[in-house]
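Q: First residue of the sequence shown? That's 7 in the working numbering, and the numbers climb one at a time after it.
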Amino acid sequence: LWAPVHTFLAWALVREIDPDHQSAAIAAGIASGLWILAGLDAVGVLMVGALMVAARLVTNSTGRRPLIPDLTLIGIFATAVSFTTVGWIAGFGLAIAIYIDDRMADGPSVPGSLAAALTALGSTAVASLAGVFPRELPNVRPLLAVAVGVLALITVIREPEAPTEMVDSRSKNFLSQTRLHASRTLIAVLIFAATLLTGQDALMVGPLVIALALALTSNEIERIRRQ
Numbered sequence: 007l008w009a010p011v012h013t014f015l016a017w018a019l020v021r022e023i024d025p026d027h028q029s030a031a032i033a034a035g036i037a038s039g040l041w042i043l044a045g046l047d048a049v050g051v052l053m054v055g056a057l058m059v060a061a062r063l064v065t066n067s068t069g070r071r072p073l074i075p076d077l078t079l080i081g082i083f084a085t086a087v088s089f090t091t092v093g094w095i096a097g098f099g100l101a102i103a104i105y106i107d108d109r110m111a112d113g114p115s116v117p118g119s120l121a122a123a124l125t126a127l128g129s130t131a132v133a134s135l136a137g138v139f140p141r142e143l144p145n146v147r148p149l150l151a152v153a154v155g156v157l158a159l160i161t162v163i164r165e166p167e168a169p170t171e172m173v174d175s176r177s178k179n180f181l182s183q184t185r186l187h188a189s190r191t192l193i194a195v196l197i198f199a200a201t202l203l204t205g206q207d208a209l210m211v212g213p214l215v216i217a218l219a220l221a222l223t224s225n226e227i228e229r230i231r232r233q
C-alpha cells in the first residue's frame, strides 16, 4: 500500500532537484517503490513529503512567491511531522528552506524571517517533547556515512548545469541555476544529517540516497552531453 506513495514522492522530489531529466525521476520512483516492496526499512512518507516541499520552495518551480497562508501551512506541517528524528530533520529543513527562499527573492522580509524562525522553534519544541534527541552520540554506520557525506560534498561543490525547464507552463522564464543549486545542497545536507542521527537504522535513508545519486549522475551526463 505504501509503495505507490513512496514511488510518487521520490519521483516528485527528484523532479524538483533535477527538473530537466524525467528519466532520473522515474528511476528514483521505481527504486523507492521496489525498496518498500522488498520489505526494507525506509523513512516515513511525511519526511519525504517535507523534503519535496522544501526543494520545491527553494527551487521555486512554480514561479509564485509563497503567501502568508502558504507559510503558515508549511510551518504547521513542519511542526506536525517533527515527532521523530527524521521528522525533525525534515521540519527544521523546511524552516531553512523558508529562510533561503526569502533571502534569494527580494531580500529578507518580516513575514519570511518570522515564518522561518517560528517553524524552526515549533519543530524543535515538538521534537523535544517527543524525546527524539538522543542522549548519547548515535552509533553511525561508517561506510554509509562516508558515502553519503561524499555525495553531499559533491552536491555542494558541483554546480548543476543551467536548467532548460521553464518555471511553469505560463512563464517564459527558465528555472534559476542558483536556486537549483541551493535546493540540491539543502536536500543533500538534510539526507546526510538523517544518516548520522539515525545511527544503525541509517539504511532507512537508502531511497533518498539513491534519488540524490541519480540526480547528480544525470547532471554529469548532461554536462558531458553539452560539452
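Cβ atoms here follow ideal geometry from the backbone N, Cα and C, with glycine treated the same way.
Looking at C-alpha atoms only, which residue of Ala-9, Ala-30 and Pro-10 is the closest neighbour of Ala-219?
A: Residue 219 sits at position 213 when you count from the first residue of the sequence shown. Minimum Cα distance to Ala-219 is reached at Ala-30.
Q: Just reading off the alpha helix (DSSP H) that Gly-45 is part of, what are its end residues?
A: By 1-based counting over the sequence shown, the position of residue 45 is 39. For Gly-45, no alpha helix (DSSP H) segment is defined, and its DSSP state is neither H nor E.
Q: So, is Trp-17 buried or exposed, given that buried needs 16 or more other C-beta atoms within 10 angstroms?
A: Looking up residue 17 in the sequence shown gives position 11. Buried is the call here.
Q: Between Leu-143, Asp-107, Ala-111 and Ser-134, which has its C-alpha nearest Thr-201's C-alpha?
A: For the purposes of this step, residue 201 is taken as residue 195 along the sequence shown, with counting starting at 1. When only C-alpha atoms are compared, the closest one is Leu-143.
Q: Can you tell me the Cα-Cα spacing of Pro-140 and Arg-190, whole angstroms?
A: Along the sequence shown, read from residue 1 onward, the residue named residue 140 stands at position 134. Along the sequence shown, read from residue 1 onward, the residue named residue 190 stands at position 184. Between Pro-140 and Arg-190, the C-alpha separation is close to 27 Å.
Q: What residue from Trp-41, Pro-10 and Pro-25 has the CA that sits closest to Gly-212's CA?
A: Position 206 of the sequence shown, counted from the start, is the residue given in the question as residue 212. Answer by Cα proximity: Trp-41.
Q: With a Cβ-Cβ cutoff of 7 Å, do Ala-121 and Gly-81 count as a contact?
A: For the purposes of this step, residue 121 is taken as residue 115 along the sequence shown, with counting starting at 1. For the purposes of this step, residue 81 is taken as residue 75 along the sequence shown, with counting starting at 1. Yes, the pair counts as a contact, with Cβ atoms nearer than the cut-off.
Q: Is the segment 58-67 touching the segment 102-109 in the sense that three or more CB pairs, one from each, lie closer than 8 Å?
A: The segment 102-109 makes contact with the segment 58-67; the number of CB pairs closer than 8 Å reaches 3 or more.
Q: Can you have a look at Asp-112 and say buried or exposed, based on whether 16 or more other CB atoms are within 10 angstroms of its CB?
A: Counted from its first residue, the sequence shown places residue 112 at position 106. Classification for Asp-112: exposed.
Q: With a floor of 4 residues, list each alpha helix (DSSP H) that falls wholly inside the segment 63-143, ordered by position along the chain.
A: DSSP runs (the alpha helix (DSSP H)) wholly in the segment 63-143: 74-86, 91-110 and 116-136.
Q: Does the distance from the CB of Glu-226 to the CB of Glu-167 come in under 7 Å?
A: As a first step, residue 226 must be located in the sequence shown, where it is residue number 220. As a first step, residue 167 must be located in the sequence shown, where it is residue number 161. No, the pair does not count as a contact, with Cβ atoms beyond the cut-off.
Q: If I measure Cβ to Cβ from Thr-204 and keep anything under 8 Å in the same chain, skipping five residues before and after, which residues do I get?
A: As a working mapping, residue 204 is identified with position 198 in the sequence shown. Here the set comprises Thr-91, Val-92, Pro-144, Met-210 and Val-211.
Q: By Cβ distance, which residues of its chain are closer than 7 Å to Ile-32, with the 5 residues on each side in sequence left out?
A: Start at 1 with the first residue of the sequence shown, and residue 32 comes out as number 26. Once the five neighbours on either side are set aside, the close Cβ partners of Ile-32 are Trp-17.
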